[in-house]
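Quick notes on the structure that follows.
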Amino acid sequence: MEEYTMAELTTTIGGFHFNNTIMNGAGVWCYDRKELSAVDTSAAATFVTKTATLAPRAGNPKPRMAATDLGSINSMGLPNKGLDYYLQVVEEFHQANPEKPYFLSTTGTSPDDFGKIFTKIAASNFSGLVELNLSCPNVVGKPQIAYDFAAVERILTQVTGIYHGPLGVKLPPYFDLVHFQQIADVLNQFPLTFVNTINSVGNGLVIQDETAAIAPKGGLGGIGGGYIKPMALANVRVLRQLLKPEINIIGTGGVETGRDVFELILCGADMVGVATQLGKEGPKVFARLTEELTAIMDAKGYKRLSDFRGKLQVPEAREVAVH
């Protein structure tokens, strides 16, 4: 009788090993030490911090977030405790768990910030992975940097000249195949460890009765949750085809079930981020998603993630006759 072995969910990002493939997305359950600790002690592989700016930020006025039946809308505006706080907190977690890698999310709010941020990180004891957020859609008056391909190239040229540790970029969703190629051409020039795709879909609108659900930007905000899963799947799929194979992919967007995790990996994701559903359920969501993913793999006979990662099948095209 063949011995049963449970499916293996370990994964690797840039030489860092993780005992699960599921983590939080920056922005949810990661504002302070207490929230990060709740994720750290859950079934999640690891955590990523709130996106840190040089100085602490209060973010946009409230109400700035609303859950819906199909997902969420938010215009948080990057509230965070500042880069120094997160560097200190992550170092504390690392000292307690030396073998566990952690992610630090960061961004600049002006062109001068990026050099200062990465000079500070390079001079610190940080030994994990940095996620450079170039895709926040909710800072009033500021564009989503990653839609400006020349700006991305300038920033990465500056940053990689200063910081030589494991570096990734958080990307917005792209919708045009030309844009996929343009961003891939830029990213492939640099020694990136990973990309995280996608951030929320910017400038959506949710109405409750006769009033916008949130206040900033006239009610416009980033859309997350089930609404955006098709875009997340497409962005993971296409970027996996276009990026250098050594650039790993964290797939984020629309994860509500283990099946959603499975599909992102099927499209090529090495890890999977959870944001909106984490906000709705709390850190216990990681155990549920892990159990559901394992059940799917067991049912299909997959022993490890590499058995199906990036192996999405496409139906054979059949010519249609003109009538």
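Quick note on the numbering used here: the sequence shown kicks off at 962 and runs consecutively.
Each residue gets a CB set at the ideal place from its N, CA and C atoms; glycine is no exception.
Coarse secondary structure for residue 1237, derived from DSSP in three states: helix
Alpha-carbon spacing of residue 1083 relative to residue 1121, whole angstroms: 11 Å
If I follow the unbroken alpha helix (DSSP H) through residue 1136, where does it start and stop? Neither: residue 1136 is in no alpha helix (DSSP H) and is coded neither H nor E.
My understanding is that residue 1220 touches residue 1273, with C-beta atoms under 8 Å, so please give their C-beta distance in whole angstroms. Actually they are not in contact, since the Cβ atoms of residue 1220 and residue 1273 sit about 14 Å apart, beyond 8 Å.
What's the call for residue 1281, buried or exposed, on a 16-neighbour Cβ count within 10 Å? exposed
Span of the alpha helix (DSSP H) around residue 1037: Run containing residue 1037: none; DSSP gives neither H nor E here.
Is the Cβ-Cβ distance between residue 979 and residue 1064 less than 8 Å? no
Which parts of the stretch 1108-1154 are runs of the alpha helix (DSSP H), unbroken and 4 residues or longer, counting only runs that do not cross its ends? 1110-1123 and 1138-1148
Contact check, residue 1184 vs residue 1032, beta carbons under 8 Å: yes
Do the CB positions of residue 1139 and residue 1208 come within less than 8 Å of each other? no
Pick out whichever of 1176, 1276, 1158 and 1118 has its Cα sitting closest to the Cα of residue 1225. 1158
Can you tell me the Cα-Cα spacing of residue 1279 and residue 1244, whole angstroms? 45 Å
Grouping DSSP H, G and I as helix and E and B as strand, with all else coil, what is residue 965? Any reading at residue 965 must be qualified, since the residue scores a pLDDT of 48, below 50, and its modelled position is unreliable; the value itself is stated next. Reduced to three states, the DSSP call for residue 965 is coil.
Where do the N-terminal and C-terminal ends of the alpha helix (DSSP H) with residue 1186 fall, by residue? Residue 1186 -> no alpha helix (DSSP H), and no H or E assigned at all.
Measure the CB-CB distance between residue 1204 and residue 1145 and report whether it falls below 8 Å. yes
From which residue to which residue does the beta strand (DSSP E) around residue 978 run? 977-979
Please state whether DSSP places residue 1214 in a helix, a strand or coil. coil
With 16 as the cutoff for other CB atoms within 10 Å, does residue 1066 come out buried or exposed? buried
Just to confirm my understanding: we take residue 1191, look at its own chain, exclude 5 residues before and 5 after, and list those with CB closer than 8 Å. What are they? 1215
Once you ignore the five residues that flank residue 1265 on each side, which residues in its own chain have a CB closer than 6 Å to its CB? 969
Nearest-angstrom Cα separation, counted from residue 1109 out to residue 1029: 31 Å
Using the Cβ count rule (16 or more neighbours within 10 Å means buried), how would you classify residue 1288? Residue 1288 lies beyond the range of the chain shown here (962 to 1284); nothing can be said about it.
Classify residue 918 as buried or exposed, calling it buried when 16 or more other Cβ atoms lie within 10 Å of its own Cβ. Residue 918 lies beyond the stretch modelled for the chain, which goes from 962 to 1284, so this question has no answer here.
Beta-carbon separation (whole angstroms), residue 1166 vs residue 1186, contact threshold 8 Å: 15 Å between Cβ atoms; not a contact.
Where do the N-terminal and C-terminal ends of the beta strand (DSSP E) with residue 1064 fall, by residue? 1064-1067
Contact set for residue 1013: own chain, Cβ-Cβ below 6 Å, skip 5 residues either direction: 1041, 1044, 1047 and 1067
Just reading off the alpha helix (DSSP H) that residue 1090 is part of, what are its end residues? Premise fails: residue 1090 lies in the beta strand (DSSP E), 1090-1094, not in any alpha helix (DSSP H).
Using a Cβ-Cβ cut-off of 6 Å (strictly less than) and excluding sequence neighbours within five positions of residue 1290, which residues of its own chain qualify? This structure leaves residue 1290 out entirely; the chain is present only between 962 and 1284.
Can residue 1098 and residue 1164 be called in contact, C-beta distance under 8 Å? yes
Whole-angstrom C-beta distance between residue 1100 and residue 1134, which should lie under 8 Å: Actually they are not in contact, since the Cβ atoms of residue 1134 and residue 1100 sit about 17 Å apart, beyond 8 Å.
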